[in-house]
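Using UniProt numbering, read the sequence shown as starting at 1 and increasing by one per residue. Just so you know, even glycine gets a beta-carbon here, dropped at the ideal spot from N, CA and C. In this text the structure is predicted, and so the values were computed from the model without any measurement. Structure record follows, encoded as structure tokens.
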Amino acid sequence: MGSPDGRRGGGPRHRVRARLHPRTSARTRDAIEKPEFADERRQRIVDIVQARGRVRVRDLAALLRVTEPTVRKDITDLAAARLLKRVHGAAVAITPSNEVDISERVGTNAAAKAAIARACLEEIVDGDAVFFDSGTTVSALARLLGSPGPERFDGVRVPRNVNVLTNSIDVARLLANSPTRHTVVGGQYRSAGGSFVGPLAISALQQFTLNTAFIGVSGLNEVGLTVADLSEAQVKRTAMEQARRVIVPMDSSKMGVSDFAIVCELGNVDVLITDQDDPELERLCTDHDVTVVVAK
1 MGSPDGRRGG
11 GPRHRVRARL
21 HPRTSARTRD
31 AIEKPEFADE
41 RRQRIVDIVQ
51 ARGRVRVRDL
61 AALLRVTEPT
71 VRKDITDLAA
81 ARLLKRVHGA
91 AVAITPSNEV
101 DISERVGTNA
111 AAKAAIARAC
121 LEEIVDGDAV
131 FFDSGTTVSA
141 LARLLGSPGP
151 ERFDGVRVPR
161 NVNVLTNSID
171 VARLLANSPT
181 RHTVVGGQYR
191 SAGGSFVGPL
201 AISALQQFTL
211 NTAFIGVSGL
221 NEVGLTVADL
231 SEAQVKRTAM
241 EQARRVIVPM
251 DSSKMGVSDF
261 AIVCELGNVD
271 VLITDQDDPE
281 LERLCTDHDV
291 TVVVAK
């Protein structure tokens, strides 16, 4: 796991037929309740509950045009992921994440992000296929890779013939005038993250194989890696599944922070690149067989 070259690699006696909402056809119900629509449906539940604070199961079933048992199961799963609270007959919002728009995060910890970006650049070799997700630290890496200037930055050679896959508008813009070949996956646009998410983005990602996925996060603690939005977490997980190696560029301000949606456990990461030595981070990474690189 830590090697940069490594791969992460007697039922019930009676069947009860649930009643459909009066305006819901069996065909519509069956389509929405299929497993491939579960993530999208659960994201809608989270959005509705966050907006209203508390929503009854029967109201969610009517809004989503699914059965109440389906909603109850979704609420149970979302509560287990700590995305909402389950109470009798309803779902209640938990304290929402105070996500800061990506445009307001660009200048935060800029020196640390620049150092981390240079260290990330060293992890890319000629001809690599890589994924750059949304986030200011990964954007700093895209800025280096897409620069028409020198072939070296502080002694770090800029790799050639790299193929970049991204769901980030900012990354696409930074690579627009460079010789770096890049592909943007589409989907539902999130202005706060400047990124494409949702089923279309996930489906597009699944068409590629990658050498390395660079995954930005909002926080890291004992639970794992977290971000502000469930749909962002789903895209990140999909990119990780398509890659031989996962690298997380993360400045030290995110250590010990827990955000709204869990991306994965730390053990799913191969390399973590940060800007400062941190005993707790070292302990966590050692426990999960993750290589730590401190950028200078």
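| Asked | Found |
| --- | --- |
| Could you check whether A91 and V55 sit closer than 8 Å to each other, using their CB atoms as the reference points? | yes |
| Quick one, which of V87, F37, R82, R86 has its alpha-carbon nearest R65's? | F37 |
| Three-state secondary structure (DSSP) at L64? | helix |
| Exposed or buried, what is T212 when buried is set at 16 or more other beta-carbons lying within 10 Å of its beta-carbon? | buried |
| Which stretch, first to last residue, makes up the beta strand (DSSP E) that contains S195? | 195–197 |
| Give the straight-line distance between the Cα atoms of S97 and A192, rounded to the nearest whole angstrom. | Its pLDDT being 49, under 50, S97 is placed unreliably by the model, and the measurement read from it follows with that caveat. Spanning the two alpha carbons is a distance of roughly 12 Å. |
| With a threshold of 8 Å, are at least 3 pairs of Cβ atoms found where one atom belongs to the segment 264–280 and the other to the segment 237–250? | yes |
| Just to confirm the assignment: which complete beta strand (DSSP E) runs, minimum length 3, are found wholly within the segment 154–205? | 163–166, 181–184, 188–190, 195–197 |
| By the DSSP assignment, the beta strand (DSSP E) with T212 in it spans what residues? | 210–214 |
| Let me know the secondary structure DSSP gives A243 once reduced to three states. | strand |
| Let me confirm a value: P249 is counted as buried when at least 16 other C-beta atoms fall within 10 Å, else exposed. Which label applies? | buried |
| Which value, in whole angstroms, describes the spacing of the CA atoms of A26 and T67? | Any reading at A26 must be qualified, since the residue scores a pLDDT of 47, below 50, and its modelled position is unreliable; no value is offered. |
| Looking at the secondary structure, which residues open and close the beta strand (DSSP E) in which I48 lies? | That residue, I48, is in no beta strand (DSSP E); its alpha helix (DSSP H) goes 38–52. |
| Mind reading off the beta-carbon distance from F132 to T166? Whole number of angstroms is fine, and I expect it under 8 Å. | 5 Å |
| Leaving out five residues before and five after V71 in sequence, what residues of the same chain have Cβ atoms less than 6 Å from its Cβ? | V57, L60, A61 |
| Shortest alpha-carbon distance to E40 belongs to which of A172, D128, H182, P199? | P199 |
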